[in-house]
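For the sequence shown, position 133 matches number 133 in the UniProt record's numbering, and the numbering has no gaps at all.
Where is the CB? At the ideal position from N, CA and C, for every residue including glycine.
One structure is given below, encoded as structure tokens.
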Amino acid sequence: MRLYPKVIPIISRECIQTLMQDGDIEVEPMRVADAEMDLSAIMREYLANEERVNQATREALERRGYDYSKFNQVKREMADVRGFKMGDEGIEYVINQMIEFLLISRNVEEVFSADNVLRAKIFSVMKKHLDVDDEIDKEARSRLKHLQEGTSAFDIEYNKTVEQIRRARGLI
1 MRLYPKVIPI ISRECIQTLM QDGDIEVEPM RVADAEMDLS AIMREYLANE ERVNQATREA
61 LERRGYDYSK FNQVKREMAD VRGFKMGDEG IEYVINQMIE FLLISRNVEE VFSADNVLRA
121 KIFSVMKKHL DVDDEIDKEA RSRLKHLQEG TSAFDIEYNK TVEQIRRARG LI
């Protein structure tokens with residue numbers, strides 16, 4: 001699952017609405033937008049930290065003289081050094097931050113549900129919006145059936161196709 005900046009406000013809105021409708025939290029009508037912005041800020045901060053790890057990875061690749069095929073391997077090292085959680089662990093981290101926010105925020109009047117209930121509901125909202133990578137992967141592969149997977153031609157065309165699909169969906 002990958003977090004895209006354009007879906008952050010949607011995720012925030014749906015999380016607050018879902019939790020309010022299900023009676024898990026109480027938010028004054030005048031403070032709903034602020035609560036949504038706070039959840040958005042948590043996700044944006046995660047993306048900012050990820051960009052810092054990406055920058056450190058690019059610098060490390062240059063220093064070591066590696067090409068970009070080792071980007072993910074070096075990124076994992078950079079993330080581990082910084083204690084940055086990636087992938088599903090990153091999503092869990094973001095969700096935990098959101099739950100912590102809900103418990104201490106002045107914008108949330110009351111939290112009625114246990115952490116595990118909040119976690120499950122927030123995760124389902126996030127999963128709905130973050131599973132687009134799997135859909136994009138399937139669509140790109142279906143468009144490239146004429147190329148043999150594992151070849152350099154496939155890799156080049158796959159990356160181009162994924163970028164085209166993301167642009168078409170407004171993700172980048």
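Here Glu163 carries a helix assignment [DSSP, helix/strand/coil]. A residue is called buried once 16 or more other Cβ atoms fall within 10 Å of its Cβ, and Gly65, having fewer, is exposed. Beta-bridge partners of Val132 (DSSP): none assigned. Scanning its chain for C-beta atoms nearer than 7 Å, with the 5 sequence neighbours on each side dropped, one finds around Val7 the residues His129, in chain order.
Annotated as distal: Ile10 and Ala35, with beta-carbon spacing of 8 Å or more.
With a minimum length of 4 residues, the unbroken runs of alpha helix (DSSP H) contained wholly in the region 53 to 105 fall at 71 to 82, 87 to 104.
Distance check between Val27 and each of Arg106, Glu62, Arg82, Phe84 places Arg106 closest, using alpha-carbon atoms only.
Look at Glu157 here: in three-state DSSP terms it is helix. Sequence-distant Cβ neighbours of Ile91 in its own chain, meaning closer than 8 Å and more than five residues away, are Met1, Leu3, Phe123, Met126, Leu130. In terms of Cβ geometry, Met78 and Ala48 do not form a close pair [threshold 8 Å].
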